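Taking it in order: structure first as structure tokens, then the write-up.
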Amino acid sequence: MRFKLNIPEYSIETEYAYTHDVLNEQKRFPILTIGKDSYIEEAMVENVLDSQLIYNLQIGRYSAIGSDVTFIIDLNHDYKRVCQGRIHDIPYRRPELSRRKGQIIIMNDCWIGAKTTIMSGVTIGNGAVVSAGSVVTKDVPAYAIVEGNPAQIIGYRFGPQQIEALQLIRWWNWSPEKITSCAEELYGDIDAFISKHIDEATQELSAISPVDIAPIEKHNQGEEKRLFYIPDFEQDYPTWPRVIETYIQSYADTNYELLLYVEEDDFLQHKLALLDELFSKYEDANCYINLYVGNIEDLRTILCQTDAYITNRSLNNVICMDMADLFHLPVYSSVDMPVFHETAISHMVRKPTAQTPNNSLNLDTLKTITKTLGTIQDNQDYLQNTIIQLSRNQAALDSTIDNLQYEILDTDKPVYPIIEPIENTISQIINEGKSMCRFGDGEFSLIAGKQRHRFHAPSLQLTERLLEVLHSNNPHILICISDMYGDLSQYNMDGKYNIRLYLTNEVRQQHYALLDMNRHYHNSYITRPYAMYADNHTSAPRERFAALKKIWDNRKLLIIEGEKTRMGIGNDLFDNAADIVRILGPAESAFDRYDDILAEALKQEKDRLVLIALGAAATVLAYDLANAGFQALDIGHIDIEYEWMRAGDKVAIHNKYVNEAKDGYMVEDIHNPVYESQIIAHII
Numbered sequence: 000m001r002f003k004l005n006i007p008e009y010s011i012e013t014e015y016a017y018t019h020d021v022l023n024e025q026k027r028f029p030i031l032t033i034g035k036d037s038y039i040e041e042a043m044v045e046n047v048l049d050s051q052l053i054y055n056l057q058i059g060r061y062s063a064i065g066s067d068v069t070f071i072i073d074l075n076h077d078y079k080r081v082c083q084g085r086i087h088d089i090p091y092r093r094p095e096l097s098r099r100k101g102q103i104i105i106m107n108d109c110w111i112g113a114k115t116t117i118m119s120g121v122t123i124g125n126g127a128v129v130s131a132g133s134v135v136t137k138d139v140p141a142y143a144i145v146e147g148n149p150a151q152i153i154g155y156r157f158g159p160q161q162i163e164a165l166q167l168i169r170w171w172n173w174s175p176e177k178i179t180s181c182a183e184e185l186y187g188d189i190d191a192f193i194s195k196h197i198d199e200a201t202q203e204l205s206a207i208s209p210v211d212i213a214p215i216e217k218h219n220q221g222e223e224k225r226l227f228y229i230p231d232f233e234q235d236y237p238t239w240p241r242v243i244e245t246y247i248q249s250y251a252d253t254n255y256e257l258l259l260y261v262e263e264d265d266f267l268q269h270k271l272a273l274l275d276e277l278f279s280k281y282e283d284a285n286c287y288i289n290l291y292v293g294n295i296e297d298l299r300t301i302l303c304q305t306d307a308y309i310t311n312r313s314l315n316n317v318i319c320m321d322m323a324d325l326f327h328l329p330v331y332s333s334v335d336m337p338v339f340h341e342t343a344i345s346h347m348v349r350k351p352t353a354q355t356p357n358n359s360l361n362l363d364t365l366k367t368i369t370k371t372l373g374t375i376q377d378n379q380d381y382l383q384n385t386i387i388q389l390s391r392n393q394a395a396l397d398s399t400i401d402n403l404q405y406e407i408l409d410t411d412k413p414v415y416p417i418i419e420p421i422e423n424t425i426s427q428i429i430n431e432g433k434s435m436c437r438f439g440d441g442e443f444s445l446i447a448g449k450q451r452h453r454f455h456a457p458s459l460q461l462t463e464r465l466l467e468v469l470h471s472n473n474p475h476i477l478i479c480i481s482d483m484y485g486d487l488s489q490y491n492m493d494g495k496y497n498i499r500l501y502l503t504n505e506v507r508q509q510h511y512a513l514l515d516m517n518r519h520y521h522n523s524y525i526t527r528p529y530a531m532y533a534d535n536h537t538s539a540p541r542e543r544f545a546a547l548k549k550i551w552d553n554r555k556l557l558i559i560e561g562e563k564t565r566m567g568i569g570n571d572l573f574d575n576a577a578d579i580v581r582i583l584g585p586a587e588s589a590f591d592r593y594d595d596i597l598a599e600a601l602k603q604e605k606d607r608l609v610l611i612a613l614g615a616a617a618t619v620l621a622y623d624l625a626n627a628g629f630q631a632l633d634i635g636h637i638d639i640e641y642e643w644m645r646a647g648d649k650v651a652i653h654n655k656y657v658n659e660a661k662d663g664y665m666v667e668d669i670h671n672p673v674y675e676s677q678i679i680a681h682i683i
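Position one of the sequence shown corresponds to residue 0 (the numbering used here), numbered consecutively onward.
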């Protein structure tokens, strides 16, 4: 099974789970859990699902995942069998005895370069960098820089003492307010940052006071070791029954102890009843299970007294893994087979409690290092520093450098497509009755066989239709592309950054191969008058919207949109129209119902101006309706941009589908008699 992910920058404000129905069950499985301010440009998760083992991808805070990244989860063949493939009419049997690792963990402050492949069972440590195009087959240490196929360590972002200090400070666990107040330091000199914050971090760790854990008097064989686990009762696909049962089966007659932490809340009695039901199946088992019931403000106060941490799929798992790493505890995946690996566990050593941490730094040494670091001592140090600097945000840096020649060079030779001013486009729509089809990064990605946004999955038919529209010479149809190939001075920093990050040299050449450099295109940003412009804090956006509103002034409208788009509802965007009727299509993958939507649209009066917001399907639909004698405009984004202008920021709209804001997919139902009376067809 494949899952495509695109998590925009700044869209995750706290730990978040992306869920999907799997195994034909009416449950939501957390395909991905992701921490604050992490993002994914574009990734594919390839996963094998069965009723026993379901793996997911977990990402910590402030990590960046580039484009075309692939996560391959548990897809290895059992190569020791006689036959590695499938046999016709014979159900495939998965190997029961082979060791299976699946959960992929990316910790905090990581950078995963474009076109990287990460294999099943890999954990990438805090601060690590994976160079573009690498294939990662084994765990990556904290702050390591890896490269190649298979990926090998080629250096580290910082020196050993600096890394030790950063692992102690762990700035990614600071409060959002502290992160904001220290932003300049986080983007500044490493040694100044360490010097300012190391004392506080050391004192904070030393001040941790362990919670009281009820002691268990043990009389079985072997040394005493404590495994810590938080049962995930809230999950639709919980791991806790398997973890507890596997522990009982593995460690009966030993002095191992399984410490379960159960939060005290309104569901406590129900959770305890579930545990009692499971324990009743093993009344005769000779093993030790300890239960801590309460509310622990700082989990470090309990983790510092354990020998290992067992994961789950919950939102706080990476946070707990980070705390376990602070105390150098081994981490075991609750969804791996087997859960417990005896050889590894036999080497567990109880770490000192927080009052006497063994990972504190010699502060005098650190201060001396802080004063001297930054001086290049030999060519090897210089090379390593260069690699570090280039790796911090490789894709953005490379794309920015590549784009400079197009943004600032003054040359008579055209190096980018010809794009008409938006004023000319509006004039031709109003005065000449022309239709409009827009191509943005989503449409060009679909043509290339990639999914950049969740609205549509690539398909051969959609690609062929988009190419047909792009190369159309119908004089009554305006073909629009994004005005991003040359000067970007009119856009704000976020706009420039996103354009540069997307428009790599490879993507630019793909576009150029599809475009006629002598043709006059129109600007697809016509429907995006607010968010990306440098003057969006002035009256300019309202003036741009005022010009657009003239297009439908006193016109009868046919709006064709996704069922959760609701253009003009709750605002005055279309108040100057004479009349509105609506055809609703699917909120996603509207092209799957394209023929039905087109057939319904063709039944309507041709004197109606057709406004369409259906993702990439709108580009094709506007083209077909224009050829059928309608004036049709692909006008997606315009309503959301209008809402953002009114709100003063890119925010989620509680009753409208927004793909560029946190929680934008969580859309409330509405009961609006006017809106409901306008709906003449609902195709889902």
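Ideal placement from N, C-alpha and C gives every residue a C-beta, glycine not left out.
Computed from a prediction, not measured in an experiment: that's the story for all the values here.
Give me the Cβ distance between SER332 and ASP231, rounded to the nearest whole Å; I'm assuming they're in contact under 8 Å.
Taking the first residue of the sequence shown as 1, we reach residue 332 at position 333. Taking the first residue of the sequence shown as 1, we reach residue 231 at position 232. 13 Å between Cβ atoms; not a contact.
What residue range is occupied by the uninterrupted beta strand (DSSP E) comprising CYS436?
Taking the first residue of the sequence shown as 1, we reach residue 436 at position 437. That run of the beta strand (DSSP E) goes 434 to 438.
Taking 9 Å as the cut-off, decide whether the C-beta atoms of PHE438 and ILE498 are in contact.
Locating residue 438 in the sequence shown gives position 439, where the first residue counts as 1. Locating residue 498 in the sequence shown gives position 499, where the first residue counts as 1. With respect to ILE498, PHE438 sits apart: the two C-beta atoms are not nearer than 9 Å.
Buried or exposed: where does PHE266 fall if 16 or more other Cβ atoms within 10 Å of its Cβ makes it buried?
The residue labelled residue 266 in the question sits at position 267 within the sequence shown. Exposed, by the Cβ-count rule.
Output needed for ASN285: all residues of its chain with C-beta closer than 6 Å, excluding positions within five of it in sequence on either side, in chain order.
Taking the first residue of the sequence shown as 1, we reach residue 285 at position 286. Only ALA251 and ASP252 meet the Cβ criterion.
Assign ILE89 to buried or exposed, taking buried as 16 or more other Cβ atoms, counted over all protein chains shown, within 10 Å of its Cβ.
Reading the sequence shown from its first residue, position 90 is the one you call residue 89. ILE89 is exposed by the Cβ-count criterion.
Are the CB atoms of GLY614 and GLY441 nearer to each other than 9 Å?
As a first step, residue 614 must be located in the sequence shown, where it is residue number 615. As a first step, residue 441 must be located in the sequence shown, where it is residue number 442. Remark: C-beta atoms of GLY614 and GLY441 approach each other more closely than 9 Å.
Grab me the residues of ILE637's own chain with a C-beta within less than 6 Å of its C-beta, minus the 5 sequence neighbours each way, in chain order.
Locating residue 637 in the sequence shown gives position 638, where the first residue counts as 1. Correct list, in chain order: THR526.
Would DSSP call GLY221 helix, strand or coil?
Numbered from 1 along the sequence shown, position 222 holds the residue referred to as residue 221. GLY221 falls in the strand class under three-state DSSP.
With DSSP as the reference, please indicate the residues paired to ASN289 in a beta bridge.
Position 290 of the sequence shown holds residue 289. According to DSSP, which records beta bridges pairwise, ASN289 is partnered with LEU258.
Would the stretch 319 to 330 and the stretch 35 to 46 be scored as touching if the rule is three or more Cβ pairs under 8 Å?
The stretch 319 to 330 makes no contact with the stretch 35 to 46: fewer than 3 CB pairs, one atom from each, lie closer than 8 Å.
If you count every other CB in all the chains shown that lies within 10 Å of the CB of GLY59, and 16 or more means buried, which is it?
The residue given as residue 59 occupies position 60 in the sequence shown. Classification of GLY59: buried, given that the 10 Å Cβ count is 16 or more.
Would you call the stretch 604 to 614 in contact with the stretch 544 to 562, where contact means no fewer than 3 C-beta pairs closer than 8 Å?
Yes: at least three Cβ pairs fall under 8 Å.
As a quick exercise: from ASP591, LEU4 and HIS218, pick the residue whose alpha carbon is nearest that of GLN460.
The residue labelled residue 460 in the question sits at position 461 within the sequence shown. That would be ASP591, whose Cα lies nearest to the Cα of GLN460.
Residues in its own chain within less than 8 Å of VAL121 by CB, not counting five upstream and five downstream?
What you label residue 121 is simply residue 122 of the sequence shown in a count that begins at 1. For VAL121, where only same-chain residues beyond five positions count, the Cβ hits under 8 Å are ILE103, ILE104, VAL135, THR136, LYS137, ASP138 and VAL139.
Straight-line gap, LEU389 to ILE152 (C-alpha atoms, nearest Å)
The count along the sequence shown starts at 1 and reaches residue 389 at position 390. The count along the sequence shown starts at 1 and reaches residue 152 at position 153. Any reading at LEU389 is ruled out, since the residue's pLDDT is 40, under 50, leaving its predicted position unreliable.
Alpha-carbon spacing of ARG349 relative to GLU223, whole angstroms:
Indexing the sequence shown from 1 puts residue 349 at position 350. Indexing the sequence shown from 1 puts residue 223 at position 224. Only weak support exists for where ARG349 lies, its pLDDT of 42 falling under 50; the coordinates are left without a value.
Less than 9 Å separating the beta-carbons of ILE669 and ILE582?
By one-based count along the sequence shown, residue 669 stands at place 670. By one-based count along the sequence shown, residue 582 stands at place 583. Going by C-beta atoms, ILE669 is not nearer than 9 Å to ILE582.
Which term fits ASN472, buried or exposed, when burial requires 16 or more other beta carbons within 10 angstroms of its beta carbon?
On the sequence shown, position 473 is the one that residue 472 refers to. Exposed, since its Cβ has fewer than 16 Cβ neighbours within 10 Å.
Taking TYR287 as the reference, which of ASN522, ILE247, ILE168 and ASP306 has the closest Cα?
The count along the sequence shown starts at 1 and reaches residue 287 at position 288. Nearest C-alpha to TYR287 among ASN522, ILE247, ILE168 and ASP306: ILE247.
Select from GLU183, LEU624, LEU56 and CYS319 the residue whose C-alpha is nearest the C-alpha of CYS303.
Along the sequence shown, one-based indexing puts residue 303 at 304. Distances from the alpha-carbon of CYS303 to those of GLU183, LEU624, LEU56 and CYS319 put CYS319 closest.
Apart from the five residues on each side of it in sequence, which residues of its chain come closer than 8 Å, Cβ to Cβ, to ILE683?
Residue mapping note: residue 683 aligns to position 684 of the sequence shown, counting from 1. Within the same chain, ILE683 has close Cβ partners GLU562, LEU583, GLY584, PRO585 and ARG592.
Pairwise C-alpha distance: GLU176 and ALA343
Against the sequence shown, residue 343 aligns to sequence position 344. Against the sequence shown, residue 176 aligns to sequence position 177. With a pLDDT of only 43 at ALA343, under 50, the local geometry of the prediction cannot be trusted, and no value is derived from it.
Which partner residues of TRP684 appear in the DSSP bridge assignment?
Shown here, the chain extends from 0 to 683; a query on residue 684 therefore has no answer.
The alpha helix (DSSP H) spanning LEU597 covers which residue range?
Residue numbering aside, residue 597 sits at position 598 when the sequence shown is read from its first letter. Taken as a continuous stretch (DSSP letters only), the alpha helix (DSSP H) holding LEU597 covers 593 to 601.
Less than 8 Å between the CB atoms is what I'm expecting for ASN294 and ILE229, so what's the real figure, rounded?
Here residue 294 corresponds to residue number 295 of the sequence shown, with the count starting at 1. Here residue 229 corresponds to residue number 230 of the sequence shown, with the count starting at 1. Wrong, their Cβ atoms sit about 13 Å apart, outside the cutoff.
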